[in-house]
Amino acid sequence: MKNLKKLFVFALFAFASVIMVSCSKDDDPADNDLFVGTYRGSIHFLSSDKEVKNDNGTVRVVKVGNNYNFIFSDGIPDLNGVEFRKDANTVISIGGDASKAITITESNLSIAYTNDKGVWTANCKR
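Letter by letter, the sequence shown follows residues -21 to -1, 1 to 105 in mature numbering (1 follows the signal peptide of the UniProt record, and there is no 0).
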């Protein structure tokens, strides 16, 4: 009976150790794919010849190699090959000046991105 108790206590500690190691709160989304998926909410695109706006649009985030593509609904052109800066649980696009700001977490996506093709904005949740 004593051996059974010892075995049970050992198994309990081993299980607790595995749970503590695998459920780290300091996981960096940039190191994994927590933010890959579909976000829904307000999206907008404006160019010299086109404007598209939808309060119930979608943005699908796809990882391609080390970069990310943002695939928009409603005929809005996609943003492809976006690089991210790591370090926090929020990831910010490289070149993240005022004209190229993409902030993404596990549950929120915010885009304010401008280039020679137009202006993209999004405020979406998952």
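Here a beta-carbon is modelled for each residue, glycine too, at the ideal position from N, C-alpha and C. In this text, all values refer to a predicted model and were calculated from it rather than measured experimentally.
Query: So which of 92, 19, 13, 51 has the shortest CA-CA distance to residue 103?; Result: 19
Query: Can you tell me whether residue 16 is buried or exposed, with buried defined as 16 or more other CB within 10 angstroms of its CB?; Result: exposed
Query: Are residue 100 and residue 91 closer than 8 Å when you measure CB to CB?; Result: yes
Query: Of the choices 14, 105, 94, 12, whose alpha-carbon is the least far from that of residue 57?; Result: 94
Query: On the criterion of 16 or more Cβ atoms from any shown chain inside 10 Å, does residue 36 qualify as buried, or is it exposed?; Result: buried
Query: Taking DSSP as the reference, what is the three-state secondary structure of residue 83?; Result: strand
Query: DSSP puts residue 127 in a beta bridge; with which residues?; Result: No answer is possible for residue 127: it lies beyond the span of the chain, which begins at -21 and ends at 105.
Query: Where residue 48 and residue 61 are concerned, what is the direct C-alpha to C-alpha distance, given to the nearest angstrom?; Result: 6 Å
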